[in-house]
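Participant: I have a structure here, written as structure tokens, and I will follow up with some questions on it.
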Amino acid sequence: MSGFWQPIFHFFQRLLSNWANFLLSGLPVGVRPYFRMIGDLEPVAIEGMSLESFSISSLQEKNVALYLKSSVVLTHQFTVSREALRDIKNAVRLEVERALPITSSELIHAYRVNKVAESDLSKVTVFAVRRHLLDQLFIAAKQAGRTIEDVFLYAGGNDNHVRLPLDVIRRRKWLRGGVALVLLGAIVFIASIFPGVYMGRLQEAINDTDMAIVELRQKTAKIAGLQRQVRKMQNLAQAVYDQRHRAQILDLFVQLTDASPDTIVFEELRLDGSRLFIRGTALAPEEWVLSLQENPAFRNVTLESVLGIDKDQARRFEIRLDAVWPNDRGREG
9 MSGFWQPIFH FFQRLLSNWA NFLLSGLPVG VRPYFRMIGD LEPVAIEGMS
59 LESFSISSLQ EKNVALYLKS SVVLTHQFTV SREALRDIKN AVRLEVERAL
109 PITSSELIHA YRVNKVAESD LSKVTVFAVR RHLLDQLFIA AKQAGRTIED
159 VFLYAGGNDN HVRLPLDVIR RRKWLRGGVA LVLLGAIVFI ASIFPGVYMG
209 RLQEAINDTD MAIVELRQKT AKIAGLQRQV RKMQNLAQAV YDQRHRAQIL
259 DLFVQLTDAS PDTIVFEELR LDGSRLFIRG TALAPEEWVL SLQENPAFRN
309 VTLESVLGID KDQARRFEIR LDAVWPNDRG REG
């Protein structure tokens, strides 16, 4: 819970907590334990039949919950039909008499029923503890000024457990339900008195949100206009660049044509950036390379290969050179 409702929730939480403490302080001392929640009980694990290690007087809380582990708990499982579930208490009593090694008068037991999948049968798990052991624990707690409010019987894992049906637990459950209803009624009453205040705050929050949305839309429209202007400038810059590039290439071929004699035949021209590769035939390619080297429109002119030795016949050649663009010729000069 966060945002607008968080301070409201904390306000009600503190109010109800203070009110509950006030009500509990006015109750008789013998009745107060019945209103305590399970979270307020200090857990005590009992794992052996001996009580020598059970020092209940060292506990900090006056109200405790006992957790009897499998070493002191007898368990038994059996299945019953759907008809037998109608009288499950009598069925459990008879099964305890039949299956457990101790008479039912010496035990306190509880049971749990689970449905068997894809069957009309139900599995009943019986948990039992010696009545003498439980009496000793209650006597020790009473002598130490402590109150045992809950007893849980465990068999195996933590998920396999049951609570003993003690009378004090039943009474405390009923009283807890009454307190919960009273607190719920108080919440409804308080909420019905002050709805206008919270609705007003909620309306203010809605108005602020609407204003923020309007401002965001205005800023979004401005950003969209700026984005359109940026795209126009980018398109214009690209057009200028393309036009300049075409003009540079046209100037390159004009300079190359003016510097070339009529006897030269170009077979391949390949431009990579400012690097130009030329393949063709000429009567005197060496002399043509010398004239290109003296031309300010070219630099790094290299005659890479010449095929043929007869000067009166056209010879094949390959030349590589760097083009000097018109804007760069003045700076180099």
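When you read off a place in the sequence shown, starting at 1, and then add 8, the result is the number in my numbering.
Yeah, the Cβ is synthetic: ideal placement off N, Cα and C, and Gly gets one too.
Computed from a prediction, not measured in an experiment: that's the story for all the values here.
Just to confirm, are lysine 97 and tyrosine 162 a CB contact at a threshold of 8 Å?
Facilitator: Working through the sequence shown from its first residue, we reach residue 97 at position 89. Working through the sequence shown from its first residue, we reach residue 162 at position 154. Their beta carbons are not under 8 Å apart, which means lysine 97 does not touch tyrosine 162 by this criterion.
Participant: Going by DSSP in three states, arginine 278 sits in which element: helix, strand or coil?
Facilitator: Numbered from its first residue, the sequence shown carries residue 278 at position 270. In this structure, arginine 278 counts as strand in the three-state DSSP scheme.
Participant: Below 8 Å CB to CB, which residues in the same chain sit around isoleucine 257 once its five sequence neighbours on both sides are set aside?
Facilitator: Here residue 257 is taken as the residue at index 249 of the sequence shown, counted from 1. Cβ within range, chain order: Leu279.
Participant: Cutting at 6 Å between CB atoms, please list the residues of its own chain near threonine 87, excluding the five before and the five after it.
Facilitator: Counting from 1 along the sequence shown, the entry for residue 87 is found at position 79. Once the five neighbours on either side are set aside, the close Cβ partners of threonine 87 are Leu129 and Lys131.
Participant: Taking only the alpha-carbon atoms, compute the straight-line gap between phenylalanine 135 and arginine 154 and give it to the nearest angstrom.
Facilitator: Within the sequence shown, residue 135 is the residue found at index 127, counting from 1. Within the sequence shown, residue 154 is the residue found at index 146, counting from 1. Near 25 Å, if we compare the C-alpha coordinates of arginine 154 and phenylalanine 135.
Participant: Give a yes or no on whether the minimum CB-CB distance between isoleucine 116 and chain D is below 8 Å.
Facilitator: Reference to chain D is not applicable here, since this structure consists of a single protein chain.
Participant: Let me know the secondary structure DSSP gives leucine 300 once reduced to three states.
Facilitator: Here residue 300 refers to the residue found at position 292 when the sequence shown is read from its first residue. DSSP places leucine 300 in helix when its eight states are reduced to three.
Participant: Since asparagine 98 is in the alpha helix (DSSP H), which residue starts that stretch and which ends it?
Facilitator: By one-based count along the sequence shown, residue 98 stands at place 90. Unbroken alpha helix (DSSP H) run through asparagine 98: 96-107.
Participant: Below 6 Å CB to CB, which residues in the same chain sit around phenylalanine 285 once its five sequence neighbours on both sides are set aside?
Facilitator: Within the sequence shown, the letter at position 277 stands for residue 285. Same-chain partners within the cutoff: Arg278 and Arg328.
Participant: How far does the beta strand (DSSP E) with glutamine 85 in it reach, from first residue to last?
Facilitator: As a first step, residue 85 must be located in the sequence shown, where it is residue number 77. Residues 82-88.
Participant: Thinking just about the alpha-carbon of each residue, which of Leu141, Leu315 and Phe325 is nearest to the one in valine 309?
Facilitator: Here residue 309 corresponds to residue number 301 of the sequence shown, with the count starting at 1. Among Leu141, Leu315 and Phe325, the Cα nearest to that of valine 309 is on Phe325.
Participant: Tell me the DSSP secondary structure of aspartate 330 in three-state form.
Facilitator: In the sequence shown, counting from the first residue as 1, residue 330 sits at position 322. Strand.
Participant: What residue does the alpha helix (DSSP H) around isoleucine 147 start on, and which one ends it?
Facilitator: Numbered from its first residue, the sequence shown carries residue 147 at position 139. Per DSSP, isoleucine 147 belongs to the alpha helix (DSSP H) from 139-151.
Participant: Going along the chain, which residues of its own chain have a beta-carbon closer than 6 Å to the beta-carbon of threonine 289, five neighbours each way excluded?
Facilitator: By 1-based counting over the sequence shown, the position of residue 289 is 281. The residues are Val273, Ala322 and Arg324.
Participant: From the DSSP output, which residues share a beta bridge with histidine 117?
Facilitator: Translated into positions along the sequence shown, residue 117 becomes position 109. Ala136, per the DSSP bridge assignment.
Participant: What did DSSP end up calling alanine 305 once you bin it into helix, strand or coil?
Facilitator: For this step, residue 305 is matched to residue 297 along the sequence shown. Coil, per DSSP.
Participant: Rounded to the nearest angstrom, what separates arginine 101 and histidine 117 at their Cα positions?
Facilitator: Residue mapping note: residue 101 aligns to position 93 of the sequence shown, counting from 1. Residue mapping note: residue 117 aligns to position 109 of the sequence shown, counting from 1. Cα to Cα, the separation comes out at about 9 Å.
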